[in-house]
Amino acid sequence: MLKSRGGLGSNGQETFQEPTPPSHEEEDSPSDAESFDGLDDEVDPTEAELEKLVFGDSIGFRDEIRNFGQQNLDDEDAEGQDGQEEDDDEENELARLEDAELFFTDAGPASLTEKSLVPTLGSEGEESGPGQERLAWEDSDDERIMVSLATVPRLRKLRNYEGEDLISGKEYTRRLRRQYELLNPTPDWAKFSTSQPPPRKRRKSNPDASDSSSEYSSANESEINISNLHPTTAPLAELLRSTSELTRSSRSSHPHRSFRPSVLNIQRTRDISGPSPSAITALTFHPHLPILLSSGPSSTLSLHHVAPSAQPIPNPLLTSLHLRSTPLRTIAWDASPSRPPRIFLAARRRYFHVWDLAAGTLEQVTRVYGHAHEQRSMEVLKPSPCGRFVALLGSGRKGGGVVNFLDARSLQWVGQCRVESRGGVADFGWWRDGSGVCVLGRNGEVTEWDVEDGRVVGRWEDEGAVGVAVVALGGLDRKGDGELGGDRWVAVGSASGIVNVYDRRAWKGGKSKIENGGELEMRDGNGEEEEHVQPMPRRPKPTKMLDQLTTAIKFLTFNPDGQLLAMGSHVKADALRLVHLPSCTVYRNWPTAGTKLGRISAVAFGEVKTQEDGEENLYLSVANDQGRIRLWEIRA
Numbered sequence: 037m038l039k040s041r042g043g044l045g046s047n048g049q050e051t052f053q054e055p056t057p058p059s060h061e062e063e064d065s066p067s068d069a070e071s072f073d074g075l076d077d078e079v080d081p082t083e084a085e086l087e088k089l090v091f092g093d094s095i096g097f098r099d100e101i102r103n104f105g106q107q108n109l110d111d112e113d114a115e116g117q118d119g120q121e122e123d124d125d126e127e128n129e130l131a132r133l134e135d136a137e138l139f140f141t142d143a144g145p146a147s148l149t150e151k152s153l154v155p156t157l158g159s160e161g162e163e164s165g166p167g168q169e170r171l172a173w174e175d176s177d178d179e180r181i182m183v184s185l186a187t188v189p190r191l192r193k194l195r196n197y198e199g200e201d202l203i204s205g206k207e208y209t210r211r212l213r214r215q216y217e218l219l220n221p222t223p224d225w226a227k228f229s230t231s232q233p234p235p236r237k238r239r240k241s242n243p244d245a246s247d248s249s250s251e252y253s254s255a256n257e258s259e260i261n262i263s264n265l266h267p268t269t270a271p272l273a274e275l276l277r278s279t280s281e282l283t284r285s286s287r288s289s290h291p292h293r294s295f296r297p298s299v300l301n302i303q304r305t306r307d308i309s310g311p312s313p314s315a316i317t318a319l320t321f322h323p324h325l326p327i328l329l330s331s332g333p334s335s336t337l338s339l340h341h342v343a344p345s346a347q348p349i350p351n352p353l354l355t356s357l358h359l360r361s362t363p364l365r366t367i368a369w370d371a372s373p374s375r376p377p378r379i380f381l382a383a384r385r386r387y388f389h390v391w392d393l394a395a396g397t398l399e400q401v402t403r404v405y406g407h408a409h410e411q412r413s414m415e416v417l418k419p420s421p422c423g424r425f426v427a428l429l430g431s432g433r434k435g436g437g438v439v440n441f442l443d444a445r446s447l448q449w450v451g452q453c454r455v456e457s458r459g460g461v462a463d464f465g466w467w468r469d470g471s472g473v474c475v476l477g478r479n480g481e482v483t484e485w486d487v488e489d490g491r492v493v494g495r496w497e498d499e500g501a502v503g504v505a506v507v508a509l510g511g512l513d514r515k516g517d518g519e520l521g522g523d524r525w526v527a528v529g530s531a532s533g534i535v536n537v538y539d540r541r542a543w544k545g546g547k548s549k550i551e552n553g554g555e556l557e558m559r560d561g562n563g564e565e566e567e568h569v570q571p572m573p574r575r576p577k578p579t580k581m582l583d584q585l586t587t588a589i590k591f592l593t594f595n596p597d598g599q600l601l602a603m604g605s606h607v608k609a610d611a612l613r614l615v616h617l618p619s620c621t622v623y624r625n626w627p628t629a630g631t632k633l634g635r636i637s638a639v640a641f642g643e644v645k646t647q648e649d650g651e652e653n654l655y656l657s658v659a660n661d662q663g664r665i666r667l668w669e670i671r672a
């Protein structure tokens with residue numbers, strides 16, 4: 037470009053200068069702001085400065101562009117460094133987490149609370165604190181054993197971090213326990229309550245009593261604090277330690293409900309986990325807790341928690357007890373609320389066992405002193421519903437049959453019932469209040485025996501009386517005087533498959549004449565004559581005769597409120613029927629042709645309180661000779 041038009045020479049003539057290419061400094065100089073309008077006047081510095089401030093110049097524009105790009109690069113580098121540091125921090129945090137903390141087990145819709153979380157077990161170097169339970173026994177060899185977690189695929193979930201490999205045997209035991217408690221959380225019914233009502237504030241009239249009261253309150257506070265340290269660890273002994281659930285009244289334990297006589301609302305639930313190595317010959321529910329006992333010729337007693345909706349294992353096994361060379365035939369709970377929970381175990385032996393769950397002891401009762409010759413086998417054992425007595429079916433048949441009674445606390449002989457029946461005693465059953473028994477002789481005669489008074493209160497004969505085998509009592513006689521224990525229904529089963537159901541509410545007590553005009557002579561246990569009384573008919577008519585089964589009846593079982601009766605036989609497969617009371621009608625919708633029960637060996641009813649709504653549901657448990665226990669829920 038031309039920098040100027042030229043000037044006047046010395047001779048007065050106009051001269052022209054050769055155009056020179058602009059340099060870099062000239063290109064970037066403020067003269068670029070000059071226009072090409074051909075003006076000869078140079079730009080005023082003040083005006084150029086003003087134009088620079090208003091419009092800027094090329095040098096400042098390029099510097100700003102250069103600085104802006106450099107600033108973006110610096111910001112991106114800073115963000116990249118920060119992101120990389122955050123990723124490194126996250127990776128370090130994940131590396132410090134345990135494998136079990138990277139996932140959770142969905143145990144159902146129940147809301148998790150702070151107490152329901154599985155406590156984190158201490159590491160190998162941590163010592164147990166004062167609030168933690170000490171192990172009963174520790175193996176010193178566990179410290180010398182080394183277990184590899186990385187080489188075994190199924191043990192990798194026990195690692196605390198990815199690179200962990202070798203741990204000691206003691207730490208391996210801790211982690212196995214932690215994994216088990218994570219997959220099998222402690223149920224709510226097994227957690228004893230540590231919450232206690234706040235102490236009431238009372239006005240102290242005597243100032244001297246302040247010291248003793250303060251000591252008492254401080255002692256209670258210390259007990260509460262100690263129990264709060266481990267509120268979720270509840271072994272079986274602590275589970276049955278409280279007696280609050282064992283002292284409920286009969287009205288509260290059996291809520292009002294009724295079943296339709298035509299159709300039974302019954303649904304199949306999850307079976308008891310795992311088949312038994314032998315047939316199940318004994319089955320019983322706990323009166324109030326959701327626990328099912330089962331045993332058989334395998335000499336093993338199993339306790340299952342009745343929880344069909346439990347995850348991952350429904351109806352889990354709580355514990356088991358094995359008695360060597362003792363094929364169990366009878367198992368029963370001790371119903372006394374004043375004593376620690378106990379279980380009676382009997383077999384075809386000259387002894388029986390008593391298992392104290394709270395103390396963890398097993399007592400063996402070897403003989404009945406003074407009556408050992410009449411009690412050569414103790415396989416038929418039935419404790420009373422009141423918890424005061426234990427009845428044993430005697431083996432002596434000379435002159436009739438014998439039932440011996442023991443004191444449930446001391447297990448000493450307290451009485452005996454002898455009946456004049458050819459062939460001995462077929463079966464017997466306790467009255468509802470536990471004050472007497474109903475003894476069935478093999479000749480078909482039934483004897484009502486009062487254990488407290490030690491005398492016979494009535495005798496009657498079963499209609500037909502052909503090969504009688506089993507007797508059962510159930511239901512509640514709310515209109516009766518309670519002279520016969522308060523049971524309304526008596527069911528008698530025979531070898532021909534016939535079951536006679538009698539309504540004892542129609543039998544009036546007191547002294548009366550016999551229907552045929554004669555009198556009934558009664559004798560007590562010592563053979564002495566008593567007054568001539570007739571509290572019931574000699575040959576009563578059954579309310580209903582059930583002939584749906586054609587083989588020998590092995591078991592008759594009433595549900596707790598006496599509205600259902602289960603009758604079955606072991607000779608034929610699927611030989612089980614349910615009867616509605618008081619209509620005495622047999623349900624036709626269950627069992628169906630598709631209900632595969634097998635050869636039934638034991639049946640039990642039980643009421644289990646659910647954790648969701650707190651209501652008691654009725655369950656029917658059926659066991660067979662293949663060692664399987666099936667479970668159904670019956671709804672009103």
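The opening residue of the sequence shown carries number 37 in the numbering used here; numbering runs sequentially from there. Heads up, the beta-carbon is just placed ideally off N, CA and C, and yes, glycines get one too. Small disclaimer: the values here were computed from a predicted structure and weren't measured.
(message) Taking only three categories from DSSP, how would you classify residue 88?
(response) helix
(request) May I have a chain-ordered list of the beta strand (DSSP E) segments no shorter than 3 residues that lie completely inside the stretch 334–416? (result) 336–341, 353–358, 364–369, 378–383, 388–392, 397–401
(request) Starting from residue 320, follow the beta strand (DSSP E) in both directions and report where the run begins and ends. (result) 318–321
(message) Using 8 Å as the threshold, is the C-beta distance between residue 644 and residue 582 below it?
(response) no
(request) Keeping to the same chain, check which residues put their C-beta closer than 7 Å to that of residue 383; ignore five residues upstream and five downstream. (result) 362, 363, 364, 365, 415
(request) Determine the burial state of residue 663: buried for a count of at least 16 other Cβ atoms within 10 Å of its Cβ, exposed for fewer. (result) When all chains shown are included, residue 663 counts as buried.
(request) Could you name the residues of the same chain whose beta carbon sits closer than 8 Å to that of residue 423, not counting the 5 residues immediately before and after it, in chain order? (result) Only 370, 371, 372, 373, 374, 375, 444, 470 meet the Cβ criterion.
(request) Report the option in 513, 412, 529, 456 whose CA atom is closest to the CA atom of residue 588. (result) 529
(message) Once the 5 residues before and after residue 405 are set aside, which same chain residues still bring their CB inside 8 Å of it?
(response) 448, 449
(message) Using C-beta distances below 6 Å, list every residue in its chain close to residue 591, excluding the 5 sequence neighbours before and after it, in chain order.
(response) 604, 639
(message) Within 10 Å of its beta-carbon, does residue 539 have 16 or more other beta-carbons around it, so buried, or fewer, so exposed?
(response) buried
(request) Check residue 304 in the structure and name its three-state DSSP category. (result) strand
(message) DSSP three-state label for residue 645, please.
(response) strand
(request) My understanding is that residue 440 touches residue 459, with C-beta atoms under 8 Å, so please give their C-beta distance in whole angstroms. (result) Wrong, their Cβ atoms sit about 18 Å apart, outside the cutoff.
(request) Inspect the beta-carbon positions of residue 525 and residue 437 and report whether they are closer than 8 Å. (result) With respect to residue 437, residue 525 sits apart: the two C-beta atoms are not nearer than 8 Å.
(request) State yes or no: is the C-beta of residue 637 within less than 8 Å of the C-beta of residue 316? (result) yes
(message) Looking at residue 344: is its Cβ nearer than 8 Å to the Cβ of residue 612?
(response) If you check the CB distance, residue 344 and residue 612 do not come in under 8 Å.
(message) If we require 3 or more residues per run, which beta strand (DSSP E) segments fall completely within the stretch 444–501?
(response) 449–455, 461–466, 472–477, 481–486, 491–497
(request) Please report how far the alpha carbon of residue 399 lies from the alpha carbon of residue 220, in whole angstroms. (result) Taking the CA atoms as reference points, residue 399 sits about 32 Å from residue 220.
(message) Quick check on DSSP: helix, strand or coil for residue 529?
(response) strand
(message) Need the endpoints of the beta strand (DSSP E) that residue 205 sits in, please.
(response) Not the beta strand (DSSP E): residue 205 falls in the alpha helix (DSSP H), residues 205–219.
(request) Compute every distance between the C-beta of residue 320 and the non-hydrogen atoms of the ligand ZN, then say whether any falls below 7 Å. (result) Within the structure as shown, the ligand ZN is missing, as the structure has no ligands at all.
(request) Quick one: grab the DSSP three-state call for residue 629. (result) coil
(request) Leaving aside the five residues before and after residue 486 along the sequence, list all residues of the same chain whose C-beta is less than 6 Å from its C-beta, in chain order. (result) Answer for residue 486: 472, 493, listed in chain order.
(message) Beta-carbon within less than 8 Å of residue 506's beta-carbon, same chain only, minus the 5 sequence neighbours each way: which residues are those?
(response) 462, 463, 476, 528, 529, 589, 590, 591, 592
(request) For residue 293, collect the residues of the same chain with a Cβ closer than 7 Å to its Cβ; drop the 5 residues on either side in sequence, then sort them by chain order. (result) Taken in chain order, the residues that qualify are 672.
(request) Say whether the stretch 348–357 touches the stretch 304–313, bearing in mind that this needs 3 or more beta-carbon pairs closer than 8 Å, one atom from each stretch. (result) yes
(request) Give me the Cα-Cα distance between residue 13 and residue 669, rounded to the nearest whole angstrom. (result) There is simply no residue 13 to check, as the chain begins at 37 and stops at 672 in what is shown.
(message) Suppose you measure from the CA of residue 660 to the CA of residue 200; what does that come to, to the nearest Å?
(response) 48 Å
(request) Can you have a look at residue 452 and say buried or exposed, based on whether 16 or more other CB atoms are within 10 angstroms of its CB? (result) Buried.
(message) Taking the beta carbon of residue 182 as the centre, do at least 16 other beta carbons fall within 10 Å, making it buried, or is it exposed?
(response) exposed
(request) Return yes when the Cβ of residue 420 is within less than 8 Å of the Cβ of residue 466, no when it is not. (result) yes
(request) Note down the Cα distance separating residue 322 from residue 188, rounded to an integer number of angstroms. (result) 42 Å
(request) May I have the straight-line CA-CA distance separating residue 634 from residue 654, to the nearest angstrom? (result) 22 Å
(message) Suppose you measure from the CA of residue 388 to the CA of residue 442; what does that come to, to the nearest Å?
(response) Looking at the two C-alpha atoms, the distance is approximately 13 Å.
(request) Could you check the C-alpha separation between residue 394 and residue 377 for me, to the nearest Å? (result) 7 Å
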